[in-house]
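**Student:** Just so it is clear: in the sequence shown, position 260 is 260 by UniProt numbering, and no numbers are missing. From the three backbone atoms N, C-alpha and C, an ideal C-beta is built for every residue, glycine too. Please read these numbers as outputs of a predicted model, since none were measured by experiment.
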Amino acid sequence: MTAGLEAGMAVQLQMRRNVEQMHQTADDLTSFVNDIGKRDRSLRGVHSEPAAAKLEDDGTDEEEEAREIEAAKEELRRLAAEHVVDCSSRGADSSSRAERKASKGPKTHAQKYSEWEKYDVEGVVGKMEEREQNEERLRKEVVRLENKRLQAQARKQQMLAESASEALRQKGNKAFNSACYGEAVDLYTRALDHTPRSHVLYANRALALLKLQAHAEAEEDCDTALLLEPLYVKARLRRAQARQALCKYDGALEDLEVALEAEPRNVAARKQLQECRQLKAQSAPRQRRVAARLSVEHVDYDPENDNDPFVLSVAPLSSADPSNEPGAVPPVKNADALTASKPQKANQQEKERLNRVATPRADSFLMPATAADVERAWHSLKRAPEEFAAYARRLNPELVAKIFKHNLPSEMLSAFLHAVDTHYLPDCPALAFETLDALSRSGRFSILVMCLDKADVKATESIFAKLAVALPDQTEQIKKLKTNFL
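(1) Once DSSP output is grouped into helix, strand and coil, what is the label at aspartate 437?
(2) Is aspartate 255 closer than 8 Å to alanine 240 when the C-beta atoms are compared?
(3) What's the gap between the Cα of arginine 265 and the Cα of cysteine 451?
(4) Under DSSP, the alpha helix (DSSP H) around methionine 412 begins and ends at which residues?
(5) Should glutamine 274 be listed as close to the ligand SAH, given that the test is whether its C-beta is under 7 Å from any heavy atom?
(6) Buried or exposed: which applies to valine 125, given that a residue is buried once 16 or more other Cβ atoms fall within 10 Å of its Cβ?
(7) Taking only three categories from DSSP, how would you classify threonine 483?
(8) Please work out which residues of its chain come closer than 7 Å, Cβ to Cβ, to arginine 444, disregarding the five sequence neighbours upstream and downstream, and give them in chain order.
(9) What residues in its chain sit with their C-beta under 7 Å from that of arginine 361, if we drop five residues either side in the sequence?
(10) Starting from glutamine 278, trace the alpha helix (DSSP H) both ways and give me its first and last residue.
(11) Could you check if glutamate 122 is buried or exposed, using at least 16 other CB atoms within 10 Å of its CB as the buried criterion?
(12) Please classify asparagine 204 as buried or exposed, where buried requires at least 16 neighbouring CB atoms within 10 angstroms.
(13) Taking the alpha carbon of glutamine 170 as the reference point, which residue from Met159, Lys156 and Val185 has its own alpha carbon closest?
(14) Alanine 72 and leucine 160 - do their beta-carbons sit closer together than 8 Å?
(15) Can you check whether the CB of isoleucine 463 is closer than 8 Å to the CB of valine 420?
(16) When you compare only the Cα positions, how much space is there between glutamate 68 and glutamate 162?
(17) Taking the straight line between their C-alpha atoms, what separation do you get for glutamate 135 and threonine 195?
(18) If you drop the 5 nearest sequence neighbours on each side, which residues of the same chain put their C-beta closer than 7 Å to that of leucine 270?
(19) Could you check which residue in Ala191, Ala242, Val469 and Asp427 has the C-alpha nearest to that of alanine 214?
(20) Measuring alpha carbon to alpha carbon, tell me which of Ala179, Pro385 and Glu229 ends up nearest leucine 207.
(21) For leucine 187, which residues from the same chain have a beta carbon less than 7 Å from its beta carbon, with the 5 sequence-adjacent residues on both sides left out?
(22) So alanine 459 is in the alpha helix (DSSP H); what residue range does that whole segment cover?
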C-alpha cells in the first residue's frame with residue numbers, strides 16, 4: 001500500500017513538473033516571437049511612427065495586421081496548452097496504470113508484449129510531428145506578418161519624407177527665383193534632411209551656392225550629386241562652372257566634354273567650353289625671353305672683304321651703284337630720306353635673318369611615337385606654317401590615327417586643318433583625304449568639331465571643295481567624310 005501511495009505521489013509530482021515545463025515553453029515561445037520582431041525592426045532601422053503622423057487608411061491596415069498577428073500568437077498558445085493537456089493525460093494514464101499494476105501484481109512477459117502491440121507508436125509520432133509543423137507554420141506566419149507591417153511603416157515613412165522634401169524644394173525654387181539665394185540654400189538643406197539621397201537637391205543647392213560665390217562648396221555638392229547619379233548633366237555643367245571659377249580648367253573642360261557627349265545641342269555648354277579654353281590659354285605661363293648682351297665692334301673699311309660671302313649675305317652691295325666704289329662721295333640730295341630708310345631696311349633684314357636662324361626645319365625632328373612628340377614639334381614650328389606642313393606630310397595617316405587614338409588636342413586639329421588646306425592641296429589630294437579620315441577616328445573628335453571656330457570651319461570647307469575637284473571619282477566617300485566635320 002505504501003508503495004502505491006509513493007508511486008501516485010511521484011506521478012503527480014511529475015505531472016506538476018510537466019505542466020510547469022509546458023508553461024515555461026509557451027512563455028519562451030512568446031518571448032522568441034517578440035525578440036524576432038525586435039531584431040527585425042532593428043536590422044531594418046525602422047522605428048514606429050508617431051500617432052499624429054499616421055494616415056487613416058494606413059492605421060486601418062495596421063490594425064488588421066495587428067489582429068492577424070495576435071490571432072497567430074493565440075493559435076500558438078492554444079497548441080502549447082493542448083500539448084500540456086496531452087502530457088497531463090499521459091501522466092494520469094501512467095499513474096492509473098501504476099496503481100493497477102501495484103494492485104494486480106507483476107505482469108508476465110506475454111501481457112507486456114500484448115500491451116506493446118496495442119501501443120500506436122506511429123500515431124503518437126505523427127501527432128508530435130503535426131504539432132511541431134503547426135507551431136513552425138505559425139511562427140513563420142508571425143514573422144511574415146511582422147515584416148509586412150514593418151515594411152508598410154517604412155513605405156509610409158518614406159512617402160511622408162518625400163512629400164515634406166518636395167514641399168521644401170518648391171519653396172527653395174521660389175526663393176531662388178526671387179534672388180534669395182541664402183534662403184534657397186537653407187530650404188534645400190532642410191529638404192535634404194528628409195531625402196538625403198536626392199541628387200536633384202544637391203544640384204539645386206550647388207546652383208544657389210554658385211550665385212553666392214561659394215564655388216568650393218558648390219563643387220562638393222556637384223560631386224555628391226554625380227556620385228548618386230553619374231548621368232545627371234546639370235550637375236556636370238554646374239561643377240564645370242565651379243571648377244572654372246576655381247581655375248581648375250582641366251577638370252572643367254572634362255566635365256563640359258562629357259556633358260556635350262550626352263547633349264550635343266546644348267548651346268550654353270558649347271559656349272562655356274570655348275570660354276574655358278580661352279581662360280586656360282590666357283592662364284598658361286609664358287616663357288620669358290632672356291635678353292642677350294651683344295658687343296658691337298667698329299672696324300675700318302677693308303676693300304678686300306667686298307667679295308667675301310659672309311659680307312655679301314649680310315649687306316649685299318650693288319655693283320652698278322657708283323657710291324659703292326671706295327672713296328666715292330654719296331649724293332647729298334634726299335639725304336634725310338636715305339638716312340631714314342637705311343635703318344628700317346637693315347632692321348627688316350635683321351628680323352628675317354633671325355627668323356631663319358631661330359626657326360628649326362621640319363627634317364630636324366624624328367618620326368613621332370606619341371602625341372606629345374607631335375605637340376612638341378608643332379610648338380617649335382608654329383611660327384613657320386610651311387615647315388609644320390612639311391613635318392605633317394611626313395606622317396603616315398595610320399600613324400596619325402594611332403597617335404591620337406585616345407585624345408586629340410583642339411590646337412592640333414586646327415593646325416592639321418590649316419596645313420592640309422594650304423600645303424597638301426592641290427598637290428596631294430589622296431594624302432589629304434586619308435589624313436582627314438585618320439583625324440576623324442581620333443579621340444574626342446565629335447566634341448572638337450562642335451567647337452570649331454570660324455577660321456577652322458572656313459579651312460574645312462575649303463579643303464572639301466578642293467577635294468571634290470581633285471578626286472571626282474570619290475565623291476560619295478568625300479561627302480560621307482564631310483558629314484563628320486561639318
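**Tutor:** Reading off the structure:
(1) By 1-based counting over the sequence shown, the position of residue 437 is 437. Aspartate 437: helix per DSSP, three-state reduction.
(2) Residue numbering aside, residue 240 sits at position 240 when the sequence shown is read from its first letter. Residue numbering aside, residue 255 sits at position 255 when the sequence shown is read from its first letter. The answer is yes: Cβ separation under 8 Å.
(3) Numbered from its first residue, the sequence shown carries residue 265 at position 265. Numbered from its first residue, the sequence shown carries residue 451 at position 451. Approximately 11 Å, taken between the alpha carbons.
(4) As a first step, residue 412 is located in the sequence shown; it is residue number 412 there, counting from the start. Element bounds for methionine 412: 410–419.
(5) Absence of the ligand SAH from the depicted structure is noted, as is the absence of any ligand whatsoever, leaving it without description.
(6) Here the question's residue 125 lines up with position 125 in the sequence shown. Burial call: exposed.
(7) The count along the sequence shown starts at 1 and reaches residue 483 at position 483. Residue state, collapsed to three classes: helix.
(8) Taking the first residue of the sequence shown as 1, we reach residue 444 at position 444. These residues qualify, in order along the chain: Glu257, Asn407 and Leu408.
(9) Numbered from 1 along the sequence shown, position 361 holds the residue referred to as residue 361. Cβ neighbours of arginine 361 beyond the five flanking positions: Glu387.
(10) Counted from its first residue, the sequence shown places residue 278 at position 278. Segment 267–283, the alpha helix (DSSP H) holding glutamine 278.
(11) The residue you call residue 122 lines up with position 122 of the sequence shown. Looking at its Cβ environment, which holds fewer than 16 other Cβ atoms inside 10 Å, glutamate 122 is exposed.
(12) Locating residue 204 in the sequence shown gives position 204, counting from the first residue. Asparagine 204 is buried by the Cβ-count criterion.
(13) Locating residue 170 in the sequence shown gives position 170, where the first residue counts as 1. For glutamine 170, the nearest C-alpha among the options comes from Val185.
(14) Within the sequence shown, residue 160 is the residue found at index 160, counting from 1. Within the sequence shown, residue 72 is the residue found at index 72, counting from 1. Not closer than 8 Å, so no.
(15) Against the sequence shown, residue 420 aligns to sequence position 420. Against the sequence shown, residue 463 aligns to sequence position 463. Yes, they are a contact pair.
(16) By one-based count along the sequence shown, residue 68 stands at place 68. By one-based count along the sequence shown, residue 162 stands at place 162. Their backbone Cα atoms lie some 30 Å apart in a straight line.
(17) As a position in the sequence shown, residue 135 is number 135, starting the count at 1. As a position in the sequence shown, residue 195 is number 195, starting the count at 1. Rounded to whole angstroms, glutamate 135 to threonine 195 spans 41 Å at the Cα level.
(18) For the purposes of this step, residue 270 is identified with residue 270 of the sequence shown, where counting begins at 1. First, the residue type needs correcting, since residue 270 is arginine and not leucine in the sequence shown. Cβ within range, chain order: Leu260, Met450 and Cys451.
(19) Taking the sequence shown and counting its residues from 1, one reaches residue 214 at position 214. Here the closest residue by C-alpha is Ala242.
(20) Taking the sequence shown and counting its residues from 1, the one referred to as residue 207 is at position 207. Ranked by how close their Cα comes to the Cα of leucine 207, the residues Ala179, Pro385 and Glu229 have Ala179 in first place.
(21) Locating residue 187 in the sequence shown gives position 187, counting from the first residue. These residues qualify, in order along the chain: Leu168, Lys171, Gly172 and Ala175.
(22) If you number the sequence shown from 1, residue 459 lands on position 459. It spans 454–470 - the alpha helix (DSSP H) in which alanine 459 sits, taken as one unbroken run.
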